[in-house]
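Residue numbers (the numbering used here): 218 to 1126.
What follows is the structure in C-alpha cells.
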C-alpha cells in the first residue's frame, strides 16, 4: 500500500513537466501504443565492413513536408540515437557553424554538395544525408494516428562510397487511459504542452531507435559501453523564464547511475536525483541575474565505470530572462470629454510583451493597475470631468519581467471647447487640449507671479490680440501634440510677446505660430524656444533689449513675408540649429546686438542670408547659400566681423568671398555642408604688404585699406584676389605689384570700385612707380574691372600677357596711364583715361598690340603714342572732340571711326 501511494505521489510531481526528446518503452506510454518492431528498409555497404569512419557529421535534413517544426525535431532525434553508437559524431551546432562559415545554409544546396567537399568543410570521415518524408497526425474519435517518415544515408567522404542507408515510415495509434506512473507523467506533460508535438516527437523517437540499431558500429567491451538514455523531458518550452520560475527536468535511462543536465553554456552539471528506478528528476529555480538565450537542455548519464551518455533535447531551445524592460519614458496625458488619453515613447526591447497602466487619486501612493495594452497609447474612459487622476506606466517582457513604474503625470477629463479667453491671468493656469480651441478675444496678460501652462495639442485662435507674458509661459507640445497659435479664421494677430520677464524659465516647444505681425517678440527677456514652426508671419522672431538672451534652437522659420529673425539693440540671443528658409527679405537681419549665429541652415531667402546693419554677431558653422541676395552682408561702417567655418554653397574661395560684402572676415570655410564638412584655410592677407605671394591669396574689405611698403611679387602660379571696395595704397617711393608667374583678379563694382592710389595725405602724380607691372610670361590671366589707378608714375605697365582692363578710371599719372611693351595685347575697353601726363594715356612699344575700344580720353598730354611695329586698333573711342585733335596721336594708330560723344557705358568720374 505504501509503495502504491509513493508511485502516485511521484506521478503527480511531474504534472507540469513539458517534453524534450521522448522515447517510448513497452508499457510506459500515453496512450499505450500498438507494439511493433522496426520494419523499415536498411542497407549496409560492403565498404563499411573494412572502412568504418571514425568521425561522422549529420547534415541538415531536407524537409519534404510542409511542417516547419519537423526540420529540427527529426534531425535532433536521429542525432540523439546515433550518438549512442561508438562513432565520433560532430555536434550539430558545429556542423551548422562550419557550413555557414563556408557559405551554405540552405539544406537543398547542402545536400547537392559532394561528399568529398563536405568532408573538407566539416573535417569528418563520413556524412549522413537525410530526407523527412512524413510528419503528421490524423484524428479518428478519441484515437489518433501519428506518422513520421525519413530516409537516411551515410557516405564516406574520402572515397565517396556508400556505407549505410535506412528508410521507414513509423505510425503510432494513440488512445486509452494511462495507469502507470510513467503514463501519469506523460499525461501531465501532454496536458501542459502541445499534444500534437509530443506525439510526433515520440513517433520520431521510435522511428530512429529501431533504424539506428541497424548501423554496424565498432565493437566495444561491455565495461566501456555507455549507459542508455531513453527519454529527456522538461517544462521550459514555449515561454521565457523569469526570476523565481522553476525549470523541471526528467530523464529516463539505465538505473543506478549519476545524472545531470546542462542549460546550454549558461549552467552545466545540474545534479539530478533518481526518484524511481531509471527515472531522474531535478528542479532549477531561476535566480536574479540569470540570462540565457536559445539554450539547449542536454541530459547526461554516467555509470559506475565512468562511461557517459548524452541526450539532447529536441523540443526546442529555452530562454531565461531576468532583465526587465526599461522604464517607459515621456508619459503624457490629454483630457477629453469623460476620458483621458495617455501616450508614451515606445520601448525598443525585442521581447517586449505589453504595457501596464496604473492610476491613483494622489500623486505618490495608491497606484493600482487599470489597463494593459501592446501599444504605446491608451485611453482611460468613463471618468468624471474636472476630476484629476495620476498615472504611471510600466513595461513587461514575454518572460513576465516588469519594469519599475514611470514618473507620474496628472490627467483630467475636460469638456470640449471652444473656450473664449481675454484679460489678465493672475495665478497659475492650465489651458487644456480638450478644451480647444481657445479663442483670444483681446490681449491676454500673464502677470509677473503667474504661470500659463498650455497642454500639448492645444489650439489657440486670436481675433487680433496678443499673448503678453510678464510672468512665465510653459507651452511645451510634442511631436504628436503640436500646440497651434494662429489668427482666428486665418486673420492677422499680434503674436506672442515676452515683456521684460526677469527669469529665464519660460519654455516654448513643439508649436506652430502663424499669421502674426511678429510670431514671437522678445523684449528684454530670455525664453527657451525650440522646435517651433514660424511661418506666414510678417517677421518670424523679433528680439530686442539689452537683457534679451533667448535661446532660439532647432526651429523651422520659413515663408515669413519680411525677415526670418530680426535682432536689434543690445540683445544677445543664441541662434543655433535652425532652418531659416524662403523668407521674403533676409534670413537674419541684425540691427544691433551680439547674437551667436551657429549651425543654422539659411537658404532660399529673398534678400541676404545674414544682413548686419549694426552689431557684432558671431557667425560659425552655418550653411548659407542659394539666397537671392548675398550670403553675408556687413555694413562698411562697422567693425570687421568674422564668419568662419561656414558652408557657402561652394568650396572655391573666390566664389565664397564673392558671396560676402562689407567687412566680413572669412579666413576658413567648410568643404561641404555642415555638420559633415571639414574646415579649410583661406589665405586672407592683412597688415602691410610686401615680399612674395606664391599661393592664391585675398585682399578683403575687412582689412582695407592695405599699404604696400615695398615691392610685392606674385609668383608660382598664384593669383591675388581683391574684393570690391578694397583700397590698395602705395607709400611714396615704394615698389608696386609685380606679376611674375602670377596674376591679379580685381573686379570691383560700380558703387564699390577697387582703388590703387597713393598713401600720401596729399597725393600727387608720380608718388609711386606703378600700381601693377607684368614682367614675365605666364598663363595666369589678370582682370581689372571697376578699378581706379591714380598718382603713379605709370598706372599699369603691361609687358606680357592679355589682361582685361575694363570699366576703370586711369588718371593723374605722371608718365603714362597704361604702358604696353613686348608682345602684350591687353583688352582696354569702357575706361576713362584722364589727366595723364608725360607720354599720355597709353604708350605702346616693341610688338605690343592693345585692343582699345569704347573708352573716354580726356585732358591727357597724348591720347596714344605708339612705337610698336604693329598697327594699333583704337577704333570707336571718344577723344574729347569730334573730329579729334590729330596731335593726340603719335605712331601707327587706327583711331577712325571715333565716337561722336562720350562712351555712355564707360566708367567715369
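We put the CB at the ideal spot given by N, CA and C, even for glycine. Note that the coordinates shown come from a computational prediction; the quantities given were computed from them, not determined experimentally.
Here DSSP, grouped into helix, strand and coil, assigns residue 647 to strand. Distance from the CA of residue 829 to the CA of residue 968, rounded to the nearest whole angstrom, comes to 19 Å. Counting only residues of its own chain and dropping the five nearest sequence neighbours on each side, residue 368 has a CB closer than 8 Å to the CB of 347, 348, 350, 382, 383 and 384.
The beta carbons of residue 1069 and residue 1094 sit about 6 Å from each other, so the pair counts as a contact at 8 Å.
For residue 306, the secondary structure class from DSSP, reduced to helix, strand or coil, is strand. For residue 811 and residue 1024, the gap between their C-alpha atoms comes out near 39 Å. In the three-state reduction of the DSSP assignment, residue 1056 falls in the coil class, being assigned neither a helical nor a strand state. In the structure shown, the three-state DSSP call for residue 871 is helix. Shown here, residue 416 sits in a helix according to DSSP, grouped into three states. If you look at residue 290, you'll find it in the alpha helix (DSSP H) that goes 287-299. In the assembly as shown, residue 377 is an exposed residue. Its beta-carbon has fewer than 16 other beta-carbons within 10 Å.
Assigned with DSSP and collapsed to three states, residue 939 falls in strand. The beta carbon of residue 762 is closer than 8 Å to those of 717, 739, 740, 741, 742, 786, 787 and 788 in its chain, skipping five residues each way along the sequence. Residue 987 sits close to residue 1011, with the two beta carbons spaced by under 7 Å. Excluding the 5 residues flanking it on each side, residue 462 has same chain C-beta neighbours closer than 6 Å at 503, in chain order. By the criterion of a C-beta distance shorter than 7 Å, residue 343 is surrounded in its chain by 270, 273, 371, 372, 373, 374 and 380, once the five residues flanking it on both sides are discounted.
For the stretch 993-1058, the continuous beta strand (DSSP E) assignments of 3+ residues that do not extend past its boundaries occur at 1000-1002, 1004-1007, 1009-1015, 1021-1023, 1026-1028, 1033-1037, 1044-1046 and 1049-1051, in sequence order. Taken through DSSP and simplified to helix, strand or coil, residue 920 comes out as helix. The straight-line gap separating the alpha-carbon atoms of residue 428 and residue 259 is approximately 8 Å. Assignment of residue 544 by DSSP, reduced to helix, strand and coil, places it in the coil class. Residue 297 sits away from residue 288, with the two beta carbons spaced by 7 Å or more. Here residue 473 is exposed: its Cβ has fewer than 16 other Cβ atoms, across all protein chains shown, within 10 Å. A straight-line Cα-Cα distance of about 20 Å links residue 1041 and residue 937.
Taking a contact as a CB-CB distance under 8 Å, the pair residue 557 and residue 600 counts as one, their CB atoms being some 7 Å apart. Counting the other Cβ atoms within 10 Å of the Cβ of residue 294 gives 16 or more, which makes it buried. For residue 326, the enclosing alpha helix (DSSP H) covers residues 324-329. For residue 266, the uninterrupted alpha helix (DSSP H) segment begins and ends at 263-267.
Residue environment for residue 1114: exposed (fewer than 16 other C-beta atoms within 10 angstroms of its C-beta). A check of alpha carbon separations from residue 870 across 1076, 858, 834 and 940 identifies 940 as the nearest. Partner residues in the beta bridge of residue 962, as assigned by DSSP, are 938 and 1000. Using a C-beta cut-off of 8 Å, the stretch 559-566 makes no contact with the stretch 631-648, since fewer than three inter-stretch Cβ pairs fall below that distance. The beta carbon of residue 553 is closer than 7 Å to those of 630, 631 and 651 in its chain, skipping five residues each way along the sequence. Secondary structure at residue 422: helix, using DSSP grouped into helix, strand and coil. Note: residue 517 is bridge-paired with 477 and 527 in the DSSP secondary-structure output. Following the DSSP letters along the chain, one finds residue 986 in no alpha helix (DSSP H) but inside the beta strand (DSSP E) bounded by residues 985-991. Sequence-distant Cβ neighbours of residue 890 in its own chain, meaning closer than 6 Å and more than five residues away, are 840 and 864.
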